[in-house]
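FYI, the numbering for the sequence shown is 102 to 223, going by the numbering used here.
Working notes, beginning with the structure itself.
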Amino acid sequence: MDLETGTRRCFSCGFEMAEEDAHCPNCLCSLHEETQEEWECGGILQPISLWVKDDGSWEILQKCSLCGELAATPRAPRDNPLKLLQLAARPLADPPFPLERIGEMTRLMGGSGSTEGYYDEP
Ligand SMILES: [Zn+2]
Ligand SMILES: [Zn+2]
Numbered sequence: 102m103d104l105e106t107g108t109r110r111c112f113s114c115g116f117e118m119a120e121e122d123a124h125c126p127n128c129l130c131s132l133h134e135e136t137q138e139e140w141e142c143g144g145i146l147q148p149i150s151l152w153v154k155d156d157g158s159w160e161i162l163q164k165c166s167l168c169g170e171l172a173a174t175p176r177a178p179r180d181n182p183l184k185l186l187q188l189a190a191r192p193l194a195d196p197p198f199p200l201e202r203i204g205e206m207t208r209l210m211g212g213s214g215s216t217e218g219y220y221d222e223p
């Protein structure tokens, strides 16, 4: 925290954060200030995934680089959309199933968004 200007910089990428930013809008990291045991960790919470809540709002899941604790922070309007997309696309860029099956799976979903039928016998 710079007391003269009131600004603080991201501990991960150096981006100038605003007072109201709960996490860095540029790299989506934040400082792990307090753990569940209420001691100060000081590690960097790095974004690992996105989570869409039932009400449609997005949260960024973070994991501490130091203690490994998981945290969630609500998506903010200033968040870097490219970084959000990168997070959302990461599992798709490295899918845990063979890519050749994607066409088949899309057909099973029938364009209606249904995910039933995957385990049905043909
Ligand atoms: Zn940052
Ligand atoms: Zn930590």
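Cβ coordinates follow ideal geometry from the N, Cα and C atoms, glycine included.
From a predicted model like this one, the values you see are computed outputs, not experimental measurements.
Residue i versus residue j - alpha carbon distance
| i | j | result |
| --- | --- | --- |
| glycine 115 | glycine 169 | 22 Å |
| proline 199 | tryptophan 140 | 44 Å |
| aspartate 122 | leucine 193 | 29 Å |
| aspartate 103 | phenylalanine 112 | Residue placement at aspartate 103 cannot be trusted, given a pLDDT of 47 that sits under 50; what the coordinates show is reported in the next sentence. Approximately 13 Å between the Cα atoms of the pair. |
| arginine 109 | histidine 133 | 15 Å |
| proline 148 | leucine 185 | 9 Å |
| tyrosine 48 | glutamate 201 | Missing from the structure shown is residue 48; the chain here goes from 102 to 223 and no further. |
Any non-hydrogen atom of ligand 1 closer than 6 Å to residue i Cβ
| i | result |
| --- | --- |
| phenylalanine 198 | no |
| serine 113 | yes |
| cysteine 165 | no |
CB contact flag (residue i, residue j, <7 Å)
| i | j | result |
| --- | --- | --- |
| leucine 162 | alanine 177 | no |
| cysteine 165 | glycine 143 | no |
| leucine 146 | leucine 188 | no |
| proline 175 | glutamate 160 | yes |
Counterpart residues of residue i in DSSP-defined beta bridges
| i | result |
| --- | --- |
| leucine 146 | Ser131, Cys165 |
Any non-hydrogen atom of ligand 2 within 6 Å of residue i CB
| i | result |
| --- | --- |
| histidine 124 | no |
| cysteine 142 | yes |
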